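*Asks:* Residue numbers (the numbering used here), protein chains in the order written: chain X, 108 to 279; chain R, 176 to 599. Beta carbons are placed, not taken as given, at the ideal position from N, Cα and C, and that holds for glycine. Since the structure is predicted, the reported quantities are computational estimates derived from the model, not experimental observations. I'd like to ask some things about the structure below.
Here's what the structure looks like:
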């Protein structure tokens with residue numbers, strides 16, 4: 108018993124996650140447990156089932172490395188004393204979003220929603236909000252791929268009433 | 176009033192089809208933003224702190240318009256009022272200093288005729304200060320009302336608009352959706368230019384069967400109406416001076432200056448005093464407010480003292496929670512991770528995380544004194560925040576305490592005129 112506990116302390120237990128396209132990812136247990144969806148998979152069967160492969164039906168393997176990287180870094184940020192300087196967290200977050208297309212961002216939001224992790228979801232939805240800040244209605248429609256279903260008269264009326272909201276926008 | 180900003184509550188109130196968004200068939204993507212669940216869409220919207228951004232999202236398509244209406248942040252409603260010329264420059268810079276100054280000249284030189292009131296009260300827009308982004312927005316008032324109304328805040332992001340001249344037309348106006356509801360004239364409630372506190376039982380946009388309770392600013396008269404009524408009906412049986420009213424768990428309540436709570440019966444138009452153990456108020460000058468927090472009814476007593484330079488200064492607050500079983504008010508010393516905004520027409524509790532830089536367990540209060548009765552130099556001196564646990568005050572007004580760290584949290588420009596909360 109003593110030997111088994113000492114071996115588990117040096118060797119972090121891993122959990123295997125299976126992305127939507129079948130690819131497997133071996134993840135340290137504390138990182139995997141950042142995901143509520145994975146956590147709830149084991150509720151009531153904490154030990155017995157940890158050798159199982161957890162299927163993540165809505166998460167593409169393309170995004171898994173980045174998402175896991177986010178969990179690893181942010182859980183480390185949370186644990187660290189004293190807390191990391193804001194610049195360090197900001198730098199990580201900015202690097203995380205760099206070169207991510209709008210489409211990739213959307214897919215990651217859906218993934219974070221499926222994985223049920225509040226921190227990542229908050230971070231990504233804020234990133235999406237930042238991308239449509241101070242942009243024209245046309246830009247926002249194109250960004251979300253949404254068709255305008257106002258009649259021209261309705262839209263003209265809304266715009267006239269809220270004219271002040273349409274000043275000084277960024278270039279699309 | 177308490178509002179739950181968690182998205183699931185919004186979703187519960189709406190059928191999914193309300194939010195259906197059309198797909199762009201020409202797109203080659205296999206997944207689209209428009210495939211996003213509506214709670215995800217709301218999460219993105221809620222991160223938009225700036226009013227024009229929210230507005231523009233409301234112009235994207237019909238379904239988004241209804242979503243955008245529900246995610247507005249709390250505001251401070253600013254009135255443009257008289258200031259000394261040099262003060263207005265100090266407080267506002269170029270911000271409306273011209274109209275403020277012209278009013279000031281008219282008013283203090285003594286030529287106080289209707290024309291000078293016009294330059295004060297005949298507003299073309301209302302000024303909202305976003306307490307999340309610290310930006311100021313000028314939202315136009317309806318064209319038909321320009322030039323004859325003054326306004327105050329109600330709740331659910333509605334303004335009360337009151338005609339300056341008799342018979343004092345009263346309306347509710349939502350500056351964001353541009354909806355307007357006409358209420359009975361107030362000629363039997365108002366004699367001269369006076370404040371009128373108006374609350375509704377529900378957001379008129381969501382529940383068209385809402386009812387309205389109006390209180391005269393002196394607190395001696397309470398009246399009731401439903402939309403479509405031709406006149407207000409006076410509520411009989413209320414005793415004392417009405418300090419505040421609230422719609423709580425399906426009923427209107429009113430509290431008087433002694434802390435007596437009355438239930439308003441809208442069937443027979445009477446106020447019935449609830450048999451509660453009276454609060455042992457020491458002899459003191461105070462004002463009572465009613466606030467809802469997590470389904471409980473709170474009474475917040477604001478203790479005041481007279482000062483030499485201002486009309487009144489807040490010295491302390493006591494918060495009580497109504498215990499229906501024991502039929503009494505119980506003093507509480509902690510409101511957890513919440514803030515209370517205390518104001519004339521609109522007191523509310525909100526989870527702290529709804530603000531930037533706002534503090535938990537604090538009461539944010541504004542100067543309730545009527546600016547018209549005071550020298551403008553000291554307007555809003557009694558505006559600040561009070562920590563319920565530490566019992567410490569912070570005074571953002573630069574006139575009060577120059578050493579306070581809180582000075583930067585709200586710009587000094589907003590402390591120039593009578594304020595009100597403009598809130599959900």
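Does DSSP classify residue 233(R) as helix, strand or coil?
*Replies:* Position 58 of the second chain, counting from 1, holds the residue named residue 233(R). If DSSP states are grouped into helix, strand and coil, residue 233(R) belongs with the helices.
*Asks:* In whole angstroms, what separates the C-alpha of residue 428(R) from that of residue 359(R)?
*Replies:* Taking the first residue of the second chain as position 1, residue 428(R) is located at position 253. Taking the first residue of the second chain as position 1, residue 359(R) is located at position 184. Spanning the two alpha carbons is a distance of roughly 21 Å.
*Asks:* Provide the residue span of the beta strand (DSSP E) that contains residue 354(R), from first to last.
*Replies:* Here residue 354(R) refers to the residue found at position 179 when the second chain is read from its first residue. Per DSSP, residue 354(R) belongs to no beta strand (DSSP E) and is neither H nor E.
*Asks:* Mind checking who residue 429(R) pairs with in its DSSP beta bridge?
*Replies:* Indexing the second chain from 1 puts residue 429(R) at position 254. DSSP output for residue 429(R) lists 420(R) and 437(R) as bridge partner(s).
*Asks:* Keeping to the same chain, check which residues put their C-beta closer than 8 Å to that of residue 504(R); ignore five residues upstream and five downstream.
*Replies:* Along the second chain, one-based indexing puts residue 504(R) at 329. 434, 451, 452, 454, 474, 495, 496, 497 and 498, listed in sequence order.
*Asks:* Tell me where the beta strand (DSSP E) around residue 488(R) begins and ends.
*Replies:* By one-based count along the second chain, residue 488(R) stands at place 313. Residue 488(R) -> beta strand (DSSP E) spans 488–498.
*Asks:* Hey, does residue 251(X) have any beta-carbon neighbour from chain R nearer than 9 Å?
*Replies:* Translated into the one-based positions of the first chain, residue 251(X) becomes position 144. Answer yes: the Cβ-Cβ gap between residue 251(X) and chain R drops below 9 Å somewhere.
*Asks:* At what residues does the alpha helix (DSSP H) containing residue 173(X) begin and finish?
*Replies:* Within the first chain, numbered from 1, the residue matching residue 173(X) stands at position 66. Note, residue 173(X): alpha helix (DSSP H), 171–186.
*Asks:* Would you report the Cα separation of residue 180(X) and residue 227(X), rounded to the nearest angstrom?
*Replies:* Mapped onto the first chain, residue 180(X) falls at position 73. Mapped onto the first chain, residue 227(X) falls at position 120. Taking the straight line from one Cα to the other gives about 12 Å.
*Asks:* With distances taken Cα to Cα, identify the nearest neighbour of residue 328(R) among 567(R), 517(R), 562(R) and 534(R).
*Replies:* By one-based count along the second chain, residue 328(R) stands at place 153. Closest option to residue 328(R), Cα to Cα, is 517(R).
*Asks:* Give me the Cβ distance between residue 203(X) and residue 173(X), rounded to the nearest whole Å; I'm assuming they're in contact under 8 Å.
*Replies:* Stepping through the first chain from its first residue, residue 203(X) is reached at position 96. Stepping through the first chain from its first residue, residue 173(X) is reached at position 66. About 7 Å separates the two Cβ atoms, so the contact holds.
*Asks:* With H, G and I counted as helix, E and B as strand and the rest as coil, what does DSSP make of residue 350(R)?
*Replies:* Position 175 of the second chain, counted from the first residue, corresponds to residue 350(R). It is coil, neither helix nor strand.
*Asks:* Taking beta-carbon pairs under 8 Å, can you tell me which members of the stretch 190–204 of chain X lie near chain R?
*Replies:* Against chain R - using a Cβ distance shorter than 8 Å - the stretch 190–204 of chain X contributes no residues.
*Asks:* Can you pull the chain R neighbours of residue 164(X), defined as C-beta to C-beta under 9 Å?
*Replies:* The sequence position of residue 164(X) within the first chain is 57, counting from 1. None at all; the shortest Cβ gap to chain R is about 14 Å.
*Asks:* Output needed for residue 379(R): all residues of its chain with C-beta closer than 6 Å, excluding positions within five of it in sequence on either side, in chain order.
*Replies:* Here residue 379(R) corresponds to residue number 204 of the second chain, with the count starting at 1. Only 356 and 385 meet the Cβ criterion.
*Asks:* Smallest Cα separation from residue 197(X): which of 239(X), 118(X) and 234(X)?
*Replies:* Taking the first residue of the first chain as position 1, residue 197(X) is located at position 90. If we check each option's Cα against that of residue 197(X), 234(X) comes out closest.
*Asks:* Mind pulling the chain X residues with CB within less than 7 Å of residue 237(R)?
*Replies:* The residue labelled residue 237(R) in the question sits at position 62 within the second chain. The answer, in chain order, is 256 and 257.
*Asks:* Tell me, please, whether the stretch 118–133 of chain X touches the stretch 160–171 of chain X by the rule of three or more beta-carbon pairs shorter than 8 Å.
*Replies:* In short, these stretches touch, since the Cβ pair count reaches three.
*Asks:* Identify the contact partners of residue 228(X) in chain R, using a Cβ-Cβ distance below 9 Å as the criterion.
*Replies:* For the purposes of this step, residue 228(X) is taken as the residue at position 121 of the first chain. Going along chain R in sequence order, the residues near residue 228(X) (Cβ under 9 Å) are 215 and 218.
*Asks:* Can you name the residues of chain R whose CB is closer than 7 Å to the CB of residue 268(X)?
*Replies:* What you label residue 268(X) is simply residue 161 of the first chain in a count that begins at 1. Here the neighbours are 353.
*Asks:* According to DSSP, is residue 267(X) helix, strand or coil?
*Replies:* On the first chain, residue 267(X) is found 160 positions in, with the first residue counted as 1. It is helical.
*Asks:* Anything in chain R within Cβ reach of residue 248(X), meaning under 7 Å, just list it in chain order.
*Replies:* By 1-based counting over the first chain, the position of residue 248(X) is 141. Per Cβ cutoff of 7 Å: 235.
*Asks:* Name, going along the chain, the residues of the stretch 482–514 of chain R whose beta-carbon falls closer than 8 Å to a beta-carbon of chain X.
*Replies:* Taking 8 Å as the Cβ-Cβ cut-off against chain X, none of the residues of the stretch 482–514 of chain R qualify.
*Asks:* Return the first residue and the last residue of the beta strand (DSSP E) that residue 134(X) is part of.
*Replies:* Locating residue 134(X) in the first chain gives position 27, where the first residue counts as 1. Its beta strand (DSSP E) spans residues 131–135.
*Asks:* Quick check: does the Cβ of residue 495(R) come within less than 8 Å of any heavy atom belonging to the ligand GDP?
*Replies:* This structure simply doesn't include the ligand GDP, nor any ligand for that matter.
*Asks:* Could you work out which residue in 251(R), 350(R) and 222(R) is closest to residue 594(R) when comparing CA atoms only?
*Replies:* Start at 1 with the first residue of the second chain, and residue 594(R) comes out as number 419. The residue with the shortest Cα to Cα distance from residue 594(R) is 251(R).
*Asks:* List, in chain order, every chain R residue whose beta-carbon is nearer than 9 Å to that of residue 223(X).
*Replies:* Position 116 of the first chain, counted from the start, is the residue given in the question as residue 223(X). Those within 9 Å of residue 223(X) in chain R number zero; the least Cβ separation is about 12 Å.
*Asks:* Report yes if the CB atom of residue 349(R) is closer than 9 Å to the CB atom of residue 225(R), and no otherwise.
*Replies:* The residue labelled residue 349(R) in the question sits at position 174 within the second chain. The residue labelled residue 225(R) in the question sits at position 50 within the second chain. No; because the gap between Cβ atoms is not below 9 Å, this pair is not in contact.
*Asks:* Among the candidates 199(X), 241(X) and 212(X), whose CA atom is the shortest distance from the CA of residue 176(X)?
*Replies:* Taking the first chain and counting its residues from 1, one reaches residue 176(X) at position 69. The shortest C-alpha separation from residue 176(X) is found at 199(X).
*Asks:* Three or more beta-carbon pairs under 8 Å between the stretch 209–225 of chain X and the stretch 253–273 of chain X, yes or no?
*Replies:* With the cut-off at 8 Å, the stretch 209–225 of chain X and the stretch 253–273 of chain X do not touch.
*Asks:* Between which two residues does the beta strand (DSSP E) carrying residue 467(R) extend?
*Replies:* Locating residue 467(R) in the second chain gives position 292, where the first residue counts as 1. That run of the beta strand (DSSP E) goes 460–468.
*Asks:* Count the other CB atoms within 10 Å of the CB of residue 513(R); is the residue buried (16 or more) or exposed (fewer)?
*Replies:* Numbered from 1 along the second chain, position 338 holds the residue referred to as residue 513(R). Per the 10 Å Cβ criterion, buried.
*Asks:* Anyone know if the C-beta pair for residue 437(R) and residue 446(R) falls short of 9 Å?
*Replies:* Along the second chain, read from residue 1 onward, the residue named residue 437(R) stands at position 262. Along the second chain, read from residue 1 onward, the residue named residue 446(R) stands at position 271. Taking 9 Å as the Cβ cut-off, residue 437(R) and residue 446(R) qualify as a contacting pair.
*Asks:* Are the C-beta atoms of residue 232(X) and some chain R residue less than 9 Å apart?
*Replies:* Along the first chain, read from residue 1 onward, the residue named residue 232(X) stands at position 125. Residue 232(X) counts as touching chain R.
*Asks:* Are the beta-carbon atoms belonging to residue 330(R) and residue 374(R) less than 9 Å from one another?
*Replies:* As a working mapping, residue 330(R) is identified with position 155 in the second chain. As a working mapping, residue 374(R) is identified with position 199 in the second chain. Taking 9 Å as the Cβ cut-off, residue 330(R) and residue 374(R) qualify as a contacting pair.
*Asks:* Look up residue 480(R) in the DSSP assignment and say whether it is helix, strand or coil.
*Replies:* On the second chain, residue 480(R) is found 305 positions in, with the first residue counted as 1. Of the three classes helix, strand and coil, the one that applies to residue 480(R) here is strand, per DSSP.
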